[in-house]
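If you count by my numbering, then the sequence shown holds residues 16 to 1220, one letter each, in order.
Backbone N, C-alpha and C define an ideal beta-carbon position, used for all residues, glycine too.
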Amino acid sequence: MGEYPAKNHYAQLNQGEENEMEIFGYKTQDCRKALCIAGYILSCGALLLLFYWKPEWDVWANCIRCSLEEADVLLLRTTDEFRIYSRKTVIWISVSSLIKSRSDYPATAEEESIFSKAIMKPSLQVRSIQVQKIRYVWNIYAKEFQKVGVLEDHHTCSSIHAKFGSGLTCNEQNVRRVICGPNTIDVPVIPVWKLLIKEVLNPFYVFQLFSVCLWFAEDYMEYATAIIIMSLLSISLTVYDLRQQSVKLHRLVESHNNIKVTVSRNKEGVQELESFHLVPGDTLILKEGKTLLPCDAILISGQCIVNESMLTGESIPVTKTHLPQADSFKPWRMHCAEDYKKHVLFCGTEVIQTKADDRGVVKAVVLRTGFNTAKGDLVRSILYPKPMNFKLYRDALRFLMCLIAFAAIGMIYTVCVFALNGEEAGEVVKKALDVITIAVPPALPAALTTGIIYTQRRLTKKGIFCISPQRINMCGQLNLICFDKTGTLTEDGLDLWGLLPSERSCFQDIHSFPVDHSLPWGPVFKAMAVCHSLIVWEGKIQGDPLDVKMFEATNWVIDDCSGHQTEGQRYTHATVVRPGPKVSSAPVEGVTILHQFPFSSTLQRMSVIAQEIGGEQQVFTKGAPEMVAMLCRAETVPSNFESKLLFYTVQGFRVIGLACKSLQAGKQSTDLTREEVESDLTFLGLLIMENRLKRETKSALEELSAAHIRSVMVTGDNIQTAVTVAKNAGMISPMNRVILVEGNKIPGSFSASISWKPLEENKTEDYGNLDDDSQAERRTGLALGSGQYHFAMSGKSYQIISQHFRHLLPKLLLNGTVFARMSPGQKSSLVEEFQKLDYFVGMCGDGANDCGALKVAHAGISLSEQEASVASPFTSQTPSIACVPELIREGRAALITSFCMFKYMALYSTIQYLGVLLLYWQLNSFGNYQFLFQDLAITTVIGVTMSFTGAYPKLVPYRPPSQLISPPLLLSVVLNILFSLGMQIFGFVVVQEQPWYSKTDIHSACLSVNTHMENSSSLSSLRLYGLRDGASGQVDNGYKSYENTTVWLLSTINCLIVALVFSKGKPFRQPIYTNYVFILVLLGQLGICLFLVFADIDDLYSKMDLVCTPTSWRISMVIMLAVTLAVSLLAEEAVIENRPLWLLLKKTFRYNSKSHYKRLQRVLEQDSAWPPLNRTFFSDSVAISIEGSMGGHSNPTFDSNEDAL
C-alpha cells in the first residue's frame, strides 16, 4: 500500500458544517471482487445481505486503500456519535463536447473558479461524487472534493457586479450546467418495489423469515402463516406510509422545478429558458408581477418585496435591497455581515413586487442551485433526518443481545440433552434453532410500534401532528423547555398603547391610544406614516404587525402604484403615502418613500429616506430605543431617557424608538450608505406597544413548574420587556430575584468583561435600574441564599460569554431564565449548550426564526402551520403552549408503555423458553396448537391491546426512567422470571410425585372415572401402537404427558398474570381499568384458560395435546397461579413501584445523579461566592473562535452566523 496512499487516503467533507463527513479512498481489485462473488454464491446470498447491512465491510472486502486522487470507490463516515458508513462510486463527467477549441477553455467566468480547477487535461473530464443529493467535484489543485452548485464565497461585492452583472456566455453556462447538474430539487416518488425490498431486507424481517422457515420445517404451519400475514400487514402499512410521504414531498417541490425565467447573456442579449438550466453565476432578470424563485440569488439592482412564508412561517412581506457596489477587499458575505440575507432572494419564496432603480432593470445573480438552496436544504433535512440517540433504543439492542446470549445457553443445553439421548442430527439442529425463535420474540418490534402508533393517533386527535414518531418517547424525558416570546407566550399582534413624543430634549405629554383627537402633524407623525416596509397586496396593507398598527393609527393610506420623478433621476417605482378619507385636514398632499434600509435583527433598526411631495428629503429611523438613542445627537436625547424606557419596559410594554434628520439637497438617496444615513439623528420619541399574554400561557407554565420542568424564555425582544413577561407568565416568581449578566468587549483589546447586577422592579418612573439601599441588598442576599435567583442576559452578552468566559457558561445556564435579543443562530446554540449539560430540551416557537432551534432540540414544537414547520418534529394546530404539557404527558405514557411491552415480551418469551427447556429434559416439548395458543391467542392480542391505556391527566414532579437497564426495571424482570421458574419447576416436580402419575400411561389419572375406563384403555393401546409404528395419528403426536399439561397450563396463565402485573397505571398512565378493551381481553383469555384447565372434553384435549388430570390437581394448579399472582403484585407494588424505598436506597448508598447539570448544582450549592453580585470580571485570554459551534442546524434563511455555511 505504501506511505503515499495512506497519507492522502483520508479527508473531511463539509468541514465545520452540520453534515460533516470523513471520506476514505479505495480502489477496486479484481481478484478480491472475484472472491467476494464466489462468497455470495456459496453463502446463497447471505454474504451479500451482510454487505448490504454493513457497506464498510463490502468496501474493505472488495477494495484496497489508495489516495483519494486514484480512488474509484469512496467510503464515507459521519463524524457524529453514530459513525454511520456509506459507499459512493466516483463518476466521470466529460466536457470535451463543449470545449472545442482553446478559446472555449476556462473562459468559465474566471481562472479562480472551481469549474476551471476541476477539468482534467487533456481528457477534459471531471471526477465527481453525489452525497445526500449534493454534487462534489475533485479540485485538481487543492486535491480535495468541493461542492458545486454554489457561487464561490471569495467574491467581493464589486467583483460580483463586475463579473456577473452582464451574465455568462452560452458556452460558460453549458460547461457549468454539465458539471453542476440540473437546477432541480428533484424528489422522485420511490417505486413500491424499492420500498418493499428495503423494508424486507431489514434485519428484523430477515430473522422472521428464518423463524418462519424453521416453523414450516417443523409443521408449525398456523403460527408461521399468522406471522407471515402480520408481517405482510406491517410491511404494507410501512411501505404505504413511506410512499405517501414520498408523494407528499414530491408534490411539495415539483412546482419549483420548471419555471420560465429570463436570463441575461454576456454579449448575446436576453434569453428565456427553463429554470432547470440555471447555474451559479447566471444573471436573472426579474420582471413585474409575481414570480416563484427557482434558485437562491443575490439581488444586484433594484428592490424586491418577497413572501418568505414557505421558509420562515411568517406571511409578512420582506423587502430585499440590492448588493452595494462597495470596493471592499472582504468577501461579500463578510462585508454585509449578518445583513447579507437582505440582499438574497431564497428559492421557493415568491417575489410579490419588483421596484426598478435608475438602471431600469431588476437583476439577480444565481447564488445556489438545486439542493444547495434554502429550500433544497429544508427538503434534505426531511430526506436525511438526524439519527436519534436515545438510551431506550440503545438499551433495546443490548436487551436483544442478552436474549440471544440467553438463547445460546439454551441451545447448548438442547444439543447436549438430545445428542446424549441418541436423537438424529437433523432433529437436534431443528430443536436447537427452535430455542432462538422462542427466546427472542419475533413480535417485539411490531408490539413496540403499536404503542407509538396509538400515541400518535391520540396526539392527532388533540391537534398535535408528528412527523418523527420515534421522538414521542423522547418527549417523556423533557425537563427543560425553551419558549419564544412573541406569538408563542404572548399574542401575535401588538396593540398601540401610547406615543411619548420628545421635543427640545424633553419628553412631552403622552398620547394614549385609541386617541379621541388625531395626532398633530409633525416629525413624529411623519415617522409613523413612512418608517415601515408595508405594501398593498391583494387589496390589503401587508407587513409586520407592528408596522401595520403604527401606520393605521395615522389614518393615512398607501398609494403603491405611483411613479415618482426626482431631479436628475429617471422615472422610478416608489411608494407614496397620502392622507386617508378619515383625515379632516392635511398640510401635505403626500409623502414619497424613496429608499428603504430594511429592518435588521443584528442592527435592531430600519430606516427610510422619504420626501414630502414638493419638499425636502428626510431620513426616518425606528428600532430598539437603546440603539436609536445611540445614533442620535446626544443633545436631542432627553436626560431621563433611560428611566422613562425602564418605566415602560418593566410593565411589559414593547417600546420602539423614533428618530429623523434632514438630508442635504442634491445628494442622491441611492448613493448614500446606511452608515451615512443612520448618523447624527434627532430623537423624536418613543412608541409604546402592548403585547398581551395568551390566555393559556400562565396555566401551562404553572403546570410545567409544578412538574419540575424548567421554562426558559428565548426572545428577540428587549431584556426588560422579556423579564416582565416572564414574571407575568409565572416563569419568575415574585419572591425570586433577577440578576442581569452583562458581557462587554473592551475597546481596543481582545479581552472582555462580565458583570452581575441585580435587576430591580421599578414602580415609579424615576427609579434607576440599580437599587443600592441596604434593604434591597438584604432581600437579594436572602433570595440568593435559598437559590431563588434567575439570570437574564442579552444575545450580545451570551456571545461574549461563549467566546471569552466559556468556563462560566454552564453555571450561568443553570439559572438562566431570560435570554433576550437573541438571533436565530444564538437560539440554536443555546439549545445545544443546554443539551451538553444533559438536559432533555424541548423548544416551542412559532416557526418564524426558531427553525434551527426547533430542529436541534430533542423535541421541537412549532405553533405555525406554514411549510417551515416541516423542520419541526411536532406541529400544533392550536397556536398556544397548552400543547407542551399535553405532549409531555403523552410522551411519558408512551415511554412507560414501551417499558411495559419490553418487560412483557421478555417475560413471555422467558416463560415459554423455561417451559420448553423443562420438557426437553424428557425429550418432550409443547405441541403446535399449544405454541399457537400462547403466541397468537395470548401474546399477539395482549401486545395489540396493552398500549391502549391513555396518559394520566396530571404531570407528576418526576420523570419516568430513561433506561431499560435501570435497577427497578431489571429487578422487576428478574423477580418475575424467578417466580415463573419457581412455579414451573414446582409443578413439573410435584406432578411426578402424585400417586396417580404414570410416565407411560397418560390415562392413569382418570382410569377411575365412570365408564371411560374401557375407552381410555383402548385409546391407550392405540397410542402405544401408533408410537411403536412411528406414526403420529389423530390421538397422540408424542407431546402428551402430565408434565406437558401441567407446565403448559401454568405457563399460559402465567403470561396473563405478567400482562396484568406489568400494565402499570399511575402516575404516568391512566389506571388499568380505564383500558376497557385490554381488561375484556384479559378476562376473555382467563375464561378460556380456566375452561381448558377444568374442561374434560376428549376432542378438545386431544387437539390441544392435553391429558386428563384429577380435579384436585387442577385446583392445585390454580392455587399455584393465585400465589404467583399475589407474590408478583406484592413485589411490584411494595418494591418496584415504591418510590420512597428507592429514594431511601439512593440516599443510603449515596447515589447521585450523573447528569452534568445535577453535578453542577451540587457544586454551586456549596459555593458561597456564587453568584458574584455587583462584581465585574475581566478575561485576559484571546477569544475562543466559536463560529462553527454557534450555528446549530444551519439553514441559510434562518441562521445568523452565516460564515458557518
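Beta-carbon proximity list for residue i, same chain, < 7 Å, skipping 5 on both sides
| i | result |
| --- | --- |
| residue 897 | 711, 715 |
| residue 909 | 466, 467, 470, 487, 488, 491 |
| residue 563 | 549, 556 |
| residue 888 | 481, 482, 483, 486, 874, 875 |
| residue 1138 | none |
| residue 274 | 290, 307, 309 |
| residue 674 | 636, 643, 646, 647, 696, 697, 698, 699 |
For residue i, three-class secondary structure by DSSP
| i | result |
| --- | --- |
| residue 154 | strand |
| residue 1 | Outside the modelled stretch of the chain, which goes from 16 to 1220, sits residue 1, for which no answer is possible. |
| residue 516 | strand |
| residue 482 | coil |
| residue 521 | strand |
| residue 289 | strand |
| residue 189 | helix |
| residue 487 | helix |
| residue 889 | strand |
| residue 1168 | coil |
| residue 1094 | helix |
| residue 70 | helix |
| residue 898 | helix |
| residue 27 | strand |
| residue 981 | coil |
| residue 33 | coil |
| residue 166 | coil |
| residue 265 | helix |
| residue 704 | strand |
| residue 571 | strand |
| residue 372 | coil |
| residue 716 | helix |
Contact set for residue i: own chain, Cβ-Cβ below 6 Å, skip 5 residues either direction
| i | result |
| --- | --- |
| residue 942 | 1054, 1120 |
| residue 789 | With a pLDDT of 45 at residue 789, under the threshold of 50, the modelled position of this residue cannot be trusted; read the value that follows with caution. Excluding sequence neighbours, residue 789 sits near nothing in its chain. |
| residue 757 | 770, 812 |
| residue 571 | 544, 592, 594, 595 |
For residue i: DSSP bridge partner residues
| i | result |
| --- | --- |
| residue 874 | 857 |
| residue 1190 | 771 |
| residue 633 | 625, 677 |
| residue 930 | BP columns for residue 930 are empty, so no partner. |
| residue 396 | Beta-bridge pairing links residue 396 to no other residue. |
| residue 496 | 726, 857 |
| residue 1114 | Paired residue(s): none; residue 1114 is not in a bridge. |
| residue 78 | 43 |
| residue 966 | 1084 |
Cβ separation of residue i and residue j, assumed to be a contact under 8 Å, to the nearest whole Å
| i | j | result |
| --- | --- | --- |
| residue 168 | residue 456 | That pair is no contact at about 54 Å. |
| residue 878 | residue 861 | 5 Å |
| residue 142 | residue 196 | At roughly 14 Å, the Cβ-Cβ gap does not stay under 8 Å, so residue 142 and residue 196 are not in contact. |
| residue 194 | residue 110 | 7 Å |
| residue 991 | residue 1096 | Contact flag wrong, Cβ pair sits at about 20 Å. |
| residue 924 | residue 454 | 6 Å |
| residue 394 | residue 364 | Between residue 364 and residue 394 the Cβ distance is about 14 Å, and since that is not below 8 Å, they are no contact. |
| residue 89 | residue 105 | 7 Å |
Own chain partners of residue i with C-beta closer than 8 Å, once the 5 adjacent residues on each side are dropped
| i | result |
| --- | --- |
| residue 724 | 493, 494, 495, 496, 903, 970 |
- Is the segment 1100-1116 touching the segment 1161-1178, taking contact as three or more C-beta pairs under 8 Å? no
- Do the segment 503-519 and the segment 907-920 touch if we need at least three Cβ pairs shorter than 8 Å? no
- Query: Are the segment 661-680 and the segment 735-751 in contact at 8 Å, needing three or more beta carbon pairs?
  - Reply: yes
- Counting pairs of beta carbons, one from the segment 1078-1087 and one from the segment 967-987, are three or more of them closer than 8 Å? yes
- the segment 264-278 in contact with the segment 200-207 per 3-pair CB rule at 8 Å: yes
- Is the segment 377-396 touching the segment 301-310, taking contact as three or more C-beta pairs under 8 Å? yes
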